[in-house]
Amino acid sequence: MSTIALSIKLDSSYKDRLSRLATTKKRTAHALAKAAITSFIEQEERIEAERREAIASYEDYLETGLHVTLAEADEWLESWGTDNEKDAPLCHK
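Printed below as a string of structure tokens:
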């Protein structure tokens, strides 16, 4: 993977806070900023993937009408970890 230089303008208070954290963590400010940006991008990508999955699920429901009610889902989830754990409810119209 190739790397590029990226310039970011921060308020001076953030620059100072980043420097203090870097000192505390015994890492460079660059390493902390890189880790923060990487973490943010990965988190936002996961959120976006979940959003797309939710939209696809909803579109499937609109096409098929198949669903599980909240009561059915709650009953199933409440059985988790009990001696009478239930199978997942089946989708229906």
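Residue numbers for the sequence shown follow the working numbering, so the first one is 1400 and each next one is one higher.
Glycine residues also receive a C-beta, built at the ideal position from the N, C-alpha and C atoms.
Between which two residues does the alpha helix (DSSP H) holding residue i run?
i     : result
D1473 : 1469–1478
A1428 : 1428–1463
K1414 : 1411–1424
Apart from the five residues just before and just after residue i, which ones in its own chain have a Cβ nearer than 8 Å to its Cβ?
i     : result
A1421 : T1427, A1428, A1430, L1431
R1416 : none
Roughly how far, in whole angstroms, is the beta-carbon of residue i from the beta-carbon of residue j, given that I think they are within contact range, below 8 Å?
i     : j     : result
L1461 : C1490 : Between C1490 and L1461 the Cβ distance is about 14 Å, and since that is not below 8 Å, they are no contact.
Between the Cα of residue i and the Cα atoms of the options, which residue gives the shortest distance?
i     : options             : result
L1405 : S1411, T1437, P1488 : T1437
Grab me the residues of residue i's own chain with a C-beta within less than 7 Å of its C-beta, minus the 5 sequence neighbours each way, in chain order.
i     : result
W1475 : K1485, A1487, P1488
V1467 : P1488, C1490
Within the same chain, show all residues whose beta-carbon is closer than 6 Å to that of residue i, passing over the 5 residues directly before and after it, in chain order.
i     : result
T1423 : none
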